[in-house]
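Asks:
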Amino acid sequence: MAAVSARLGLIASSLTVLLLGSLAATTAGATVISGASSGFDATFDASVNGTPVLSAGPGAQVSGVAPPAYSLSDSMGSFVFSDIIPISDGDILIDYSVDLSTATATSNVDGGAGSRTTNASGGLSTVFFNIAFDPTGFIPAFDLLTLNASVLTADASVTGDFGSLVATGNSTIIGGSLFVFGEGTWTINAGPAVNTTLISLPGLSLVLNEQTENCSGPVGGTDTCSIDVNVGHLEVNKMIGTHMVGASVVVGHADASQVAVVPEPTTALLMGMGLALLAGRRRSA
Numbered sequence: 028m029a030a031v032s033a034r035l036g037l038i039a040s041s042l043t044v045l046l047l048g049s050l051a052a053t054t055a056g057a058t059v060i061s062g063a064s065s066g067f068d069a070t071f072d073a074s075v076n077g078t079p080v081l082s083a084g085p086g087a088q089v090s091g092v093a094p095p096a097y098s099l100s101d102s103m104g105s106f107v108f109s110d111i112i113p114i115s116d117g118d119i120l121i122d123y124s125v126d127l128s129t130a131t132a133t134s135n136v137d138g139g140a141g142s143r144t145t146n147a148s149g150g151l152s153t154v155f156f157n158i159a160f161d162p163t164g165f166i167p168a169f170d171l172l173t174l175n176a177s178v179l180t181a182d183a184s185v186t187g188d189f190g191s192l193v194a195t196g197n198s199t200i201i202g203g204s205l206f207v208f209g210e211g212t213w214t215i216n217a218g219p220a221v222n223t224t225l226i227s228l229p230g231l232s233l234v235l236n237e238q239t240e241n242c243s244g245p246v247g248g249t250d251t252c253s254i255d256v257n258v259g260h261l262e263v264n265k266m267i268g269t270h271m272v273g274a275s276v277v278v279g280h281a282d283a284s285q286v287a288v289v290p291e292p293t294t295a296l297l298m299g300m301g302l303a304l305l306a307g308r309r310r311s312a
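Residue numbers (the working numbering): 28 to 312.
#1: Short of 6 Å in beta carbon distance, which residues of its chain neighbour residue 321, apart from the five on each side in sequence? Order them along the chain.
#2: Do the segment 274 to 285 and the segment 165 to 185 meet, that is, are 3 or more Cβ pairs less than 8 Å apart?
#3: Whole angstroms is fine: what's the gap from residue 96's alpha carbon to residue 222's?
#4: Quick check on residue 203: buried or exposed, where buried means 16 or more other Cβ atoms within 10 Å of its Cβ?
#5: Would you tell me roughly how many angstroms separate the C-alpha atoms of residue 154 and residue 169, rounded to the nearest one?
#6: State the start and end residues of the unbroken beta strand (DSSP E) segment that holds residue 135.
#7: What first and last residue would you give for the beta strand (DSSP E) that runs through residue 240?
#8: On the three-pair Cβ rule with 8 Å, is the segment 194 to 203 touching the segment 100 to 112?
#9: DSSP beta-bridge partners for residue 257?
#10: Which term fits residue 216, buried or exposed, when burial requires 16 or more other beta carbons within 10 angstroms of its beta carbon?
#11: Taking the C-alpha atoms as reference points, what is the distance between residue 180 and residue 206?
#12: Drop a sphere of 10 angstroms on the beta-carbon of residue 156, count the other beta-carbons inside from all chains shown, and report buried for 16 or more, exposed for fewer.
#13: In three-state terms, what does DSSP make of residue 76?
#14: Drop a sphere of 10 angstroms on the beta-carbon of residue 165, count the other beta-carbons inside from all chains shown, and report buried for 16 or more, exposed for fewer.
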């Protein structure tokens, strides 16, 4: 009987070593099972006195889902848009132009084990957006809202493996300015801190380097991480001059996400755990 107990004890010890080794191998075998990303240049929506006067963009845009791995890009050359919207006491003048719009999305998530990276970018160069009012009579036209910039680019990236997924975002602004009639002019020429509120006034807000990140770490056997980045997000809903002007503008957008998992324990591993427990019980008896 003692010999049997000793043999069972040896089996239990061996299975314990096997169990620990299997668990370590399982963690090491974690896999990034999916990645997704997208980018676009900008969207512009505007209304005057409740009437839509502009809905433009995105021009350049891409999106991808992995696996398989992908590398996508889109661009749009010079684009100019102008319109005149008659209203009761004059005309609303809309002007929008951009020299170059770009968007990229890449991922090397291919279903294999190990660290992977998924990223995206979106932006514009030499962009001009203006809403003006040309009143009836001899009063010259004047600007209500003007946005200018030389470069606006957003970047988003998620990289890593199970338990180590990390998101990074960045916004590049060169030569940026915003004018609002009755409020003033703001100049932006830097890489602003995350979620910088440049303007917060009644009916008028502008957030720079707007980022939303969701990387909470592993939950059970799943680890997810995502990030959204907008270079700038402008919201307007206020009386400018004698007119209610509404605008929603997003310039330079990028988002990225990845999901990693640890494979479920195999049937053999579960059987080994059961045998180890059984041997331990018999030895204690």
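Each residue gets a CB set at the ideal place from its N, CA and C atoms; glycine is no exception.
Replies: The short version:
#1: A query on residue 321 cannot be resolved here, the shown segment of the chain reaching from 28 to 312 and no further.
#2: Yes: at least three Cβ pairs fall under 8 Å.
#3: Those two C-alpha atoms are separated by around 31 Å.
#4: Buried, by the Cβ-count rule.
#5: Rounded to the nearest angstrom, the two C-alpha atoms are 20 Å apart.
#6: From DSSP, residue 135 is part of no beta strand (DSSP E); its letter is neither H nor E.
#7: Looking at the DSSP string, the run of the beta strand (DSSP E) that includes residue 240 is 231 to 241.
#8: Result no; under three Cβ-Cβ pairs closer than 8 Å.
#9: Paired residue(s): 237 and 280.
#10: Counting every other CB atom within 10 Å of its CB across the protein chains shown gives residue 216 a total below 16, marking it as exposed.
#11: The straight-line gap from Cα to Cα measures roughly 20 Å.
#12: Around the beta-carbon of residue 156, 16 or more other beta-carbon atoms lie within 10 Å, marking it buried.
#13: In this structure, residue 76 counts as coil in the three-state DSSP scheme.
#14: When all chains shown are included, residue 165 counts as exposed.
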